[in-house]
Amino acid sequence: MLLRLHLSPPPPKPPKALTLTLTLTLVPTPPYPSLSGPSPLPSPPPPPPPPPPPPPRRTRGSSSGEATLPGARARRRPVPRPRAQPLAPLRPNLVPPLRRLPPPRLRAPPLRRLPRLLPAPPPPHLRPLPLPPPLPPLPPRPRRHPLPPPPLRRAPLPPPPRLQRPLQLHPTLLFLRRVGFVGPRRITAHTALLLVSSVERTLIPKLDFLRSLGLSDRDTNKLVLRSPSILTFSVDRNLRPKAEFLTQQMGRDAAELKAFPQYFSFSLEGRIKPRHRMLKESGLAMPLSEMLKVSDGEFRVRLVDMRLRKFDESL
């Protein structure tokens with residue numbers, strides 16, 4: 001239960017008598033809500049907020065940013081703004097930090113100022129370490145494209161001394177033409193080396209050695225035309241040892257050289273003797289061209305085939 005008192009002025013009466021009337025009103029309060037009962041009744045709305053105070057009135061002569069209360073005559077003194085005033089009259093706490101920085105000589109790192117701050121020199125283990133030496137500069141990166149070679153100096157090249165005089169080559173050319181180097185087998189770039197050979201000291205002794213093997217002049221010329229490199233080999237170091245091994249060790253006739261004149265181009269110790277030994281151990285025989293022209297692997301395959309064929313024939 002709430003008790004409200006209302007004071008109301010008395011009704012007008014003659015001024016001689018003053019009467020005060022007191023009215024008592026009892027207003028029932030809502031019951032307290034229970035946890036298990038139905039939902040409580042809605043509370044009464046809050047009282048309205050008080051009205052805002054009236055705005056201050058402007059007085060005559062006041063600016064747009066200045067206002068005074070009614071009846072005030074004195075104008076308020078504007079508060080100075082620090083940024084609009086010079087730095088000198090301001091207080092030290094308003095000075096920007098840049099004005100209070102120490103001089104440049106005192107801006108060194110703490111480790112550098114350590115000797116000046118301590119009363120005694122610091123021990124060695126507390127002293128700052130010296131800076132390491134600077135690293136050497138890196139080598140320049142290689143370019144993607146190599147530099148062009150320096151230009152060659154131009155100088156007149158004299159012709160070869162042996163080709164300088166055509167009169168010295170003419171006898172050799174005439175001799176080779178009589179042997180058969182004409183027409184399709186004429187002297188070309190592959191056989192031009194024969195032109196610098198001496199007829200009396202080089203060409204004639206080699207042809208005489210081939211004739212001594214039992215070959216006729218015609219067969220000798222054909223053998224030389226099919227393999228012109230024979231005229232560039234030495235008689236004592238190449239032609240004679242291979243010819244003697246062919247006729248004495250291998251037991252073959254020199255006439256086989258007409259069918260295969262390239263026999264003198266193969267190595268005696270590296271190919272001719274090893275393959276002849278393998279054929280002799282197997283009791284087989286093979287033409288010179290089939291024995292020397294093929295590779296080592298193909299020669300062994302042919303040798304195995306010949307052994308199997310010989311074994312089948314013996315059964």
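In this text, residue positions in the sequence shown follow full-length UniProt numbering: the first is 1, and each later residue adds one. Every residue gets a Cβ at the ideal spot worked out from N, C-alpha and C, and that includes glycine.
Measure the C-alpha to C-alpha separation of residue i and residue j and round it to an integer number of angstroms.
i: F235; j: S289; result: The sequence shown places Val at residue 235, rather than the Phe named in the question. C-alpha separation (whole angstroms): 22 Å.
i: K206; j: L193; result: 16 Å
i: R300; j: E281; result: 13 Å
i: R178; j: R237; result: 27 Å
i: R309; j: A285; result: 13 Å
i: E269; j: P241; result: 11 Å
i: L129; j: P136; result: 21 Å
i: R271; j: L292; result: 7 Å
i: T147; j: L157; result: Checking the sequence, you will find Leu at residue 147 rather than Thr. Approximately 27 Å, taken between the alpha carbons.
i: R226; j: P261; result: 7 Å
i: V199; j: L231; result: 11 Å
i: G37; j: P48; result: Low confidence applies to G37: its pLDDT is 48, below 50, so where it sits in the model is not reliable, and the reading given next is rough at best. Between G37 and P48, the C-alpha separation is close to 31 Å.
i: R302; j: S267; result: 21 Å
i: E313; j: M306; result: 11 Å
i: S212; j: Q249; result: 18 Å
i: P150; j: P133; result: 39 Å
i: A189; j: L176; result: 15 Å
i: L215; j: K222; result: 10 Å
i: M278; j: I204; result: 37 Å
i: D296; j: P287; result: 16 Å
i: L174; j: P142; result: 59 Å
i: V294; j: G251; result: 22 Å
i: P123; j: L131; result: 18 Å
i: L217; j: E298; result: Sequence inspection shows Asp at residue 217; the Leu mentioned does not correspond to that position. Going by the C-alpha atoms only, they are around 36 Å apart.
i: P119; j: P140; result: 51 Å
i: L315; j: P274; result: 29 Å
Could you check which residue in the options has the C-alpha nearest to that of residue i?
i: A255; options: P148, A120, D219; result: D219
i: H276; options: G297, P228, L246; result: L246
i: G283; options: F175, L292, S216, F311; result: F311
i: R201; options: T172, I187, R226; result: T172
i: V196; options: L169, L215, K222; result: L169
i: L239; options: Y263, D253, P124, R141; result: Y263
i: G180; options: P53, V224, D296; result: V224
i: F233; options: S265, D253, G251; result: S265
For residue i, count neighbouring Cβ atoms within 10 angstroms of its own Cβ and tell me buried if that reaches 16, exposed if not.
i: A259; result: exposed
i: P228; result: buried
i: V304; result: exposed
i: V182; result: exposed
i: L138; result: exposed
i: A243; result: buried
i: L126; result: exposed
i: L257; result: buried
i: L210; result: buried
i: D253; result: exposed
Does the ligand PLP have even one heavy atom less than 8 Å from the beta-carbon of residue i?
i: F266; result: Questions concerning the ligand PLP fall outside what the structure shown contains, since it holds no ligand whatsoever.
Whole runs of the alpha helix (DSSP H) within the segment 177-242, excluding any shorter than 4 residues: 204-212, 217-226
Entirely enclosed alpha helix (DSSP H) segments - the segment 277-311, minimum 4 residues: 288-292
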